[in-house]
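In the numbering used here, the protein residues as written are 662 to 882. First up is the structure itself, then whatever we jot down about it.
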Amino acid sequence: MAMLVLFFIVFIGILFAVNVYVYENSEFSKLTGHSLLSVWTNKEVRFLYKLAQKLKKVKGELKILYNIALPQSEWKIDFILLHQSGIYVINAKRSSGWIYGSEQDLQWAQVLENGQMNTFRNPIIENKLKIDDVKKYNPEVSNDLYQSLVVFNKNCSFKKVEIRSQDVDVFKIDELKTFWNDRMDHILTKDQMMSIYSNLETYMIKKPTKEKAPFKDAASS
């Protein structure tokens, strides 16, 4: 029995060491500075990490920028995915519960199981302002290449979310794979992606402290 317990402890120790090694050598860890402990204890960071891992699995040529804060911009950008099919600016929302809102509303609503209602800034309008800032650093890139993605927690439910624009998509994190099934066009070359990446990589924030300030971001629940 003692040997079995010892074996179990050693196995858990090895498994833990492997997880630490894999995470510390991940692109997300290196470019954001978030520790594995923060992934385990901070729900917001854990959601961002899960989303980052799913983005890494997208097929085709791609580059990912994390946690970007452009000079003279009041917004923090969660992810920019440079893909052969275009430029995807991603607004990550961990909100759970029922989600209500339209593309034109200034505020969206979140209703929890206990009936409590919270409002938050329209994430589509938020992302439009972020994309406008990104465009300033890539004036040679056609506006048609930009796509706004708002990605929510899988635990939410869209009760009434109305989207009309062709360059805007709102979905849950577990629907990400389906979204990319039809995104295999070769519009951006690898050299173009590298050029855009070089223009923006300087502005990735590593080891942010209190990510809500000084940059605006919507509250999550």
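The C-beta atom is built at its ideal place from N, Cα and C for all residues, glycine as well.
Beta-carbon contacts of residue i that lie in its chain and below 6 Å, excluding the five residues immediately before and after
i	result
P869	The predicted position of P869 is uncertain, since its pLDDT is 47 and thus under 50; a value taken from the coordinates is nonetheless stated next. None.
L837	K715
K724	L743, M854 and Y858
Rounded C-alpha distance that separates residue i from residue j
i	j	result
A753	N799	23 Å
T702	D766	33 Å
Y710	I824	27 Å
E688	D805	29 Å
H659	S699	No statement about residue 659 is possible, as the shown extent of the chain runs from 662 to 882 and does not include it.
M845	P732	32 Å
K821	V811	15 Å
T693	F813	20 Å
A678	K704	22 Å
Bridge partners - residue i, DSSP secondary structure assignment
i	result
S763	E823
H695	For H695, which the question treats as bridged, DSSP gives no partner whatsoever.
H744	L723 and G747
G758	C817
Beta-carbon contacts of residue i that lie in its chain and below 7 Å, excluding the five residues immediately before and after
i	result
F840	D830 and F832
N788	V750, N752, S809 and V811
Cutoff 8 Å; reference residue i; Cβ partners in own chain excluding five residues on either side
i	result
Q768	G762, T780, F781, R782 and N783
E774	G758
R707	V700 and W701
Residue nearest to residue i in terms of C-alpha spacing, selected from the options
i	options	result
R755	D739, Y749, I748 and E764	D739
E722	Y807, I748 and L692	I748
Q827	V812, Y807, I673 and A678	Y807
V750	Q853, I786, G776 and K821	I786
The ligand ZN heavy atom lying under 6 Å from the CB of residue i
i	result
A770	The model on display carries no ligand, and the ligand ZN is accordingly not part of it.
Determine contact between the region 821-835 and the region 748-767, defined as no fewer than three beta-carbon pairs at a distance below 8 Å.
yes
For the region 854-868 against the region 738-754, do three or more pairs of beta-carbon atoms, one drawn from each stretch, fall closer than 8 Å, so that the two count as touching?
yes
Is the region 813-824 in contact with the region 789-796, if contact means three or more CB pairs nearer than 8 Å?
no
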